[in-house]
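Undergrad: Numbering (this note's numbering), first residue to last: 979 to 1394. So that we are looking at the same thing, I have put the structure below in structure tokens.
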Amino acid sequence: MAGFDSNQVATLLRQIGAYNELLANAYVYGSMASDEQDGNTINLLHKSGLIRPDDSPGEYRVTTDLKRMLNRLMRKQSSYRQLTDMGKVIDAIDEVVRDYEAATNAKEQEDAEYYLDQLDDLLYETKDSLNNNLDTMHFAIVSQFGFVSSLSNKIRQNERYLSHAQKLLNELQQIDPQDCYEWLDWLCPNEFARKISNFIYWYNQILPKLRLIIDNMRISLFRLRRDEKQASQLRNMARFLRKHPEFDLDENLFELPNLPETLKYAAVMPLKSYVDTKQTDIEQPLIKLIQTLRKQAVIAPVKSRTIGEVSLKPVEKIAAEEDFFEQQTEALFEKVIINNCAISALTFYQELQNTWLDESQEITPKEWIELVFSCYCKLTNAQQNALNIKMKGVAVTGTTDNYSYSDVVIELKQSA
């Protein structure tokens, strides 16, 4: 227990004791609503890992670890499943779904709620386990496997993670999430359907994420192997230079007779283990050296932007044109209302036919009657309630309820 802080454990136990009724209600009744509690309390319990969000917005459940501990202490059957084999997980979910369906059809409400809680815990454990697995692998790639120091161990860890990820991807690809819709092939409650639909949606999202992690692992493994090769070459070169020195300075160099006089009285050359960046004369060579050591990628030249012109034409205003004969139908309806009398569409047509012909407007009687009927159908409910339309016609031979109409009469309804 050396890796744990006793103060943290004591703080967690104090939180459980301080909010015992809240956690007990969430455990017994399945969930609790956040609007009934203080927001700071909810955030504190969520941060401590005692509660987790539910599918419904604003509701929280007891976490799986705390619920498993309470189940064991209360001698209740635990819903824990082994989540390493996705095929076994799907089979376990299928069993719980069948039990829930049977209990719901038998109207055994308490048993159905128990199986629904089991299903919720199982789905959450599955998603939480895989998400944590992927997050761990992603963190390992981003940190370049910073939990180990040597390149050989980094490569070994990368190979191990890559093998695990490839096996996990092959296992997940064996399952078609569309087959899970068969669990909804009955008159299931909305809450159950929402949980299954969310699980299928999550399953479809997890595969592309895992493929991206595998691609990044392959790139990381290539870079680590390249760095290891370069480091090995540098070690071999350093070992060779130590064994075969090309030049050695004699400690008594200043006493040699063939040494030039200018060198005998020259100032001592300063030797430093670092580069003095304050010297401006070495700034440019130093920058080139650093860029070479970093092996920066070739920067693609910035493409020049193309300039285009956008021309806007002024909006052309067009006067609305009304149909002549639709105006005449409105005049017919107005005449009925003003005179408070029934008017035949055919009679109205005969009275105004000559006037229409003078204005170069022509329409056949059949088309006029059909237009009056269609304009009546387009009136509002209040207008139709104020007017009556009566059809004049004869039955079509050989039919029962079909009529050939020769005229329509519009009249004003009499108030009761």
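Where a beta carbon is used, it is the ideal one built from N, C-alpha and C, also for glycine.
For L1290, report the span of its beta strand (DSSP E) as first-last.
TA: For the purposes of this step, residue 1290 is taken as residue 312 along the sequence shown, with counting starting at 1. Per DSSP, L1290 belongs to no beta strand (DSSP E) and is neither H nor E.
Undergrad: So L1390 is in the beta strand (DSSP E); what residue range does that whole segment cover?
TA: To locate residue 1390, count along the sequence shown from 1; it is residue 412. Where L1390 is concerned, the enclosing beta strand (DSSP E) stretches over Y1381 to L1390.
Undergrad: Taking the alpha carbon of E1348 as the point to measure from, which residue in S1384, S1121 and E1169 has its own alpha carbon closest?
TA: Working through the sequence shown from its first residue, we reach residue 1348 at position 370. Per the Cα distances, S1384.
Undergrad: Just list the residues that DSSP pairs R1039 with in beta bridges.
TA: Mapped onto the sequence shown, residue 1039 falls at position 61. Paired residues: R1030.
Undergrad: What is the rounded straight-line gap between the Cα of N1363 and the Cα of L1357?
TA: Position 385 of the sequence shown holds residue 1363. Position 379 of the sequence shown holds residue 1357. Approximately 10 Å between the Cα atoms of the pair.
Undergrad: Using the Cβ count rule (16 or more neighbours within 10 Å means buried), how would you classify R1059?
TA: Start at 1 with the first residue of the sequence shown, and residue 1059 comes out as number 81. Its pLDDT being 37, under 50, R1059 is placed unreliably in this model, and the coordinates cannot settle the point.
Undergrad: Quick one: residues in its chain with C-beta nearer than 8 Å to the C-beta of P1167, no 5 flanking neighbours on either side, listed in chain order?
TA: On the sequence shown, residue 1167 is found 189 positions in, with the first residue counted as 1. Here the set comprises T1082.
Undergrad: If you run the structure through DSSP and keep just helix, strand and coil, what is K1395?
TA: The structure shown does not extend to residue 1395, since the chain is modelled only from 979 to 1394, so the question has no answer here.
Undergrad: Look up K1368 in the DSSP assignment and say whether it is helix, strand or coil.
TA: Taking the first residue of the sequence shown as position 1, residue 1368 is located at position 390. Correct three-state label for K1368: strand.
Undergrad: What separation, rounded to the nearest whole angstrom, lies between the Cα atoms of Y1102 and L1108?
TA: Counting from one through the sequence shown, the residue named residue 1102 turns up at place 124. Counting from one through the sequence shown, the residue named residue 1108 turns up at place 130. Approximately 10 Å between the Cα atoms of the pair.
Undergrad: Kindly list the residues whose CB is nearer than 8 Å to the CB of E1340, restricted to its own chain and excluding five residues on each side of it in sequence; keep chain order.
TA: By one-based count along the sequence shown, residue 1340 stands at place 362. Excluding sequence neighbours, E1340 sits near W1334.
Undergrad: Taking 7 Å as the limit between beta carbons, can you name the residues of its chain near N1136, skipping five residues before and five after?
TA: Against the sequence shown, residue 1136 aligns to sequence position 158. Taken in chain order, the residues that qualify are F1123, M1195, S1198, L1199 and L1202.
Undergrad: I need the straight-line Cα distance from E1149 to Q1183, nearest angstrom please.
TA: Indexing the sequence shown from 1 puts residue 1149 at position 171. Indexing the sequence shown from 1 puts residue 1183 at position 205. For E1149 and Q1183, the distance between alpha carbons rounds to 15 Å.
Undergrad: What is the DSSP secondary structure of S1338, reduced to helix, strand or coil?
TA: Here the question's residue 1338 lines up with position 360 in the sequence shown. S1338 falls in the coil class under three-state DSSP.
Undergrad: What are the boundary residues of the alpha helix (DSSP H) that includes D1072?
TA: Taking the sequence shown and counting its residues from 1, the one referred to as residue 1072 is at position 94. From DSSP, the alpha helix (DSSP H) with D1072 extends over M1064 to N1083.
Undergrad: Please work out which residues of its chain come closer than 7 Å, Cβ to Cβ, to C1353, disregarding the five sequence neighbours upstream and downstream, and give them in chain order.
TA: By one-based count along the sequence shown, residue 1353 stands at place 375. So the qualifying residues of the chain are E1304 and T1307.
Undergrad: Pick out whichever of D1043, P1263 and I1178 has its Cα sitting closest to the Cα of P1155.
TA: Here the question's residue 1155 lines up with position 177 in the sequence shown. Ranking the options by Cα distance to P1155, first place goes to I1178.
Undergrad: To the nearest angstrom, how far is the alpha carbon of L1097 from that of L1162?
TA: On the sequence shown, position 119 is the one that residue 1097 refers to. On the sequence shown, position 184 is the one that residue 1162 refers to. Near 14 Å, if we compare the C-alpha coordinates of L1162 and L1097.
Undergrad: State the DSSP-derived secondary structure class of A1244, mapped to helix, strand or coil.
TA: Position 266 of the sequence shown holds residue 1244. Three-state DSSP puts A1244 in coil, outside helix and strand.
Undergrad: Excluding sequence positions up to five away, which residues of its chain have a Cβ less than 6 Å from the Cβ of V1387?
TA: Here residue 1387 refers to the residue found at position 409 when the sequence shown is read from its first residue. A1320, S1322 and K1368, listed in sequence order.
Undergrad: Per the DSSP calculation, I1321 is bridged to which residue(s)?
TA: On the sequence shown, position 343 is the one that residue 1321 refers to. Beta-bridge pairing links I1321 to I1388.
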